[in-house]
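Residue numbers (this note's numbering): 80 to 508.
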Ligand SMILES: *Cc1c(COP(=O)(O)O)cnc(C)c1O
């Protein structure tokens, strides 16, 4: 019989991994707060919040209690022709957080699906408004929107590995990534602030474009870049001028991560369609939501076929809704803004010395996100091995070494994360 480790290597796919030379993995036995405990008893801080999800840390008692109570009553029921308290309760709580016009909620089962639903909504709304020719989507370079086909087609063409899928992938339209960084002065000249490229594109091809999709302010898995919020305001105006819908993908940035409840609040921009996911359930389980404005929902519902053509089996799963509602209750207790601000301050001070390291190209911090961009790609297995040794779990990609720790991370725990990051950044000359 294979050992557990050998079985894993031989039979279980891991993200973005092959089967012949699978990357190293640590076996996690349990998790609590910021800590992961490995099977051999080693403890590591989850400096990634398990890919942005575990904002309150792992196994938060309030989330466990909410899910346990729901599990005893109604773990799952289909959403077609039925509804339930957790879905309604969560809907009320989401609307209380969202800007006024955004109020038609579609519960999806993962972030990628939420993006697919957003794209379908946009397309159906355009058809209903008499624009059946608007079948394409536009985005900025450097983005990430998920791994399903249509979402993947809108990821950065290079880091999104479009090349591997050839002509099977729908060709979308890209403008350069927003060029002005968060915190820099905003040049009004559209040639310099990136909006000229959008205006040009819309001027030429607006009758083919259903929607423009992007992540507000923080581009996550496509390159961990932070751009100027004024770009979103300009983009909103251009979309309105040309009848193009604006989709904001807040799947990574939502629920306080950037220092605001939603990153779009940095720009005071309201999209036509919003995608939420990741930290929505506080990291307890896969769940997401796509939220449309009344106008979009009405266009879809009055046009032909008059219904939104999507309906996942596990839509509005009660366990997920209960976890998400409990997570929003935790956020409503109001500790997160001070926690995120303290993390931001400490990350800014503690990662600053990395700027002087010869292998480092850039250091950037926003909210509870800290990024060291190296000049050369990092040796991921080397970083992985070091993690166990230093007690910090990090998962770099390419030239990016970054952390987005749980909001409950203490100053000492955060110091351990930043020290480990500095050590790793110092390896490269
Ligand atoms: C993670 C992510 C997605 C995809 O979510 P999944 O739950 O992995 O399908 C989409 N958009 C953004 C911005 C993300 O960070």
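Here a beta-carbon is modelled for each residue, glycine too, at the ideal position from N, C-alpha and C.
Ligand 1 heavy atom lying under 7 Å from the CB of residue 294: Position 215 of the chain shown holds residue 294. Yes, ligand 1 has a heavy atom inside 7 Å of this Cβ.
Distance cut-off 7 Å: residue 300 Cβ against heavy atoms of ligand 3: Of the ligands this structure carries, namely ligand 1, none is ligand 3.
Whole-number beta carbon distance between residue 327 and residue 308, since they are thought to touch under 8 Å: Locating residue 308 in the chain shown gives position 229, counting from the first residue. Locating residue 327 in the chain shown gives position 248, counting from the first residue. About 12 Å; that fails the 8 Å criterion.
Supposed close pair residue 456, residue 477 - CB separation, criterion 8 Å: As a first step, residue 456 is located in the chain shown; it is residue number 377 there, counting from the start. As a first step, residue 477 is located in the chain shown; it is residue number 398 there, counting from the start. Rounded, the Cβ-Cβ distance is 5 Å, consistent with contact.
Burial state of residue 509 (16 or more Cβ within 10 Å): There is no way to answer for residue 509, as the model of the chain reaches only from 80 to 508.
Rounded C-alpha distance that separates residue 504 from residue 339: Taking the first residue of the chain shown as 1, we reach residue 504 at position 425. Taking the first residue of the chain shown as 1, we reach residue 339 at position 260. When rounded, the distance between both Cα atoms is 29 Å.
Residue 366 burial status per 10 Å Cβ neighbour count (16 or more: buried): As a first step, residue 366 must be located in the chain shown, where it is residue number 287. That one is buried.
Any non-hydrogen atom of ligand 1 within 7 Å of residue 367 CB: Counted from its first residue, the chain shown places residue 367 at position 288. True, at least one ligand heavy atom lies under 7 Å from that Cβ.
For residue 104, three-class secondary structure by DSSP: Within the chain shown, the letter at position 25 stands for residue 104. Here residue 104 sits in coil by DSSP.
Exposure label - residue 86; buried when at least 16 CB within 10 Å: Translated into positions along the chain shown, residue 86 becomes position 7. With fewer than 16 other Cβ atoms within 10 Å, it is exposed.
Residue 97 classed as buried or exposed, judged by whether at least 16 other C-beta atoms fall within 10 angstroms: To locate residue 97, count along the chain shown from 1; it is residue 18. Label assigned to residue 97: exposed.
Residue from 191, 143, 368, 418 with nearest C-alpha to residue 405: Numbered from its first residue, the chain shown carries residue 405 at position 326. Considering only alpha carbons, the answer is 143.
Limits of the unbroken beta strand (DSSP E) element including residue 481: What you label residue 481 is simply residue 402 of the chain shown in a count that begins at 1. Here the beta strand (DSSP E) through residue 481 covers 479–482.
Buried/exposed call for residue 244, threshold 16 Cβ in 10 Å: Mapped onto the chain shown, residue 244 falls at position 165. By the neighbour-count rule (16 or more Cβ atoms within 10 Å), residue 244 is not buried but exposed.
Range of the contiguous alpha helix (DSSP H) that encloses residue 231: As a first step, residue 231 must be located in the chain shown, where it is residue number 152. That run of the alpha helix (DSSP H) goes 228–232.
Helix, strand or coil at residue 120 [DSSP, three-state]: Position 41 of the chain shown holds residue 120. Here residue 120 sits in coil by DSSP.
Residue 356 beta carbon near ligand 1 (any heavy atom closer than 7 Å): Stepping through the chain shown from its first residue, residue 356 is reached at position 277. Yes, ligand 1 has a heavy atom inside 7 Å of this Cβ.
Identity of the residues DSSP links to residue 217 by a beta bridge: Your numbering for residue 217 matches position 138 in the chain shown. 252, 291, per the DSSP bridge assignment.
8 Å Cβ cutoff met for residue 217 and residue 288: As a working note, residue 217 is residue 138 in the chain shown. As a working note, residue 288 is residue 209 in the chain shown. Contact flag set, yes.
Beta carbon of residue 464 nearer than 8 Å to that of residue 103: Against the chain shown, residue 464 aligns to sequence position 385. Against the chain shown, residue 103 aligns to sequence position 24. Yes; because the gap between Cβ atoms is below 8 Å, this pair is in contact.
Extent of the continuous beta strand (DSSP E) run through residue 324: For the purposes of this step, residue 324 is identified with residue 245 of the chain shown, where counting begins at 1. Taken as a continuous stretch (DSSP letters only), the beta strand (DSSP E) holding residue 324 covers 324–328.
Unbroken beta strand (DSSP E) run spanning residue 354, endpoints: For this step, residue 354 is matched to residue 275 along the chain shown. Residue 354 -> beta strand (DSSP E) spans 352–355.
Contained beta strand (DSSP E) runs [length at least 3] in the segment 107–192, N- to C-terminal order: 107–111, 114–117, 122–125, 181–187
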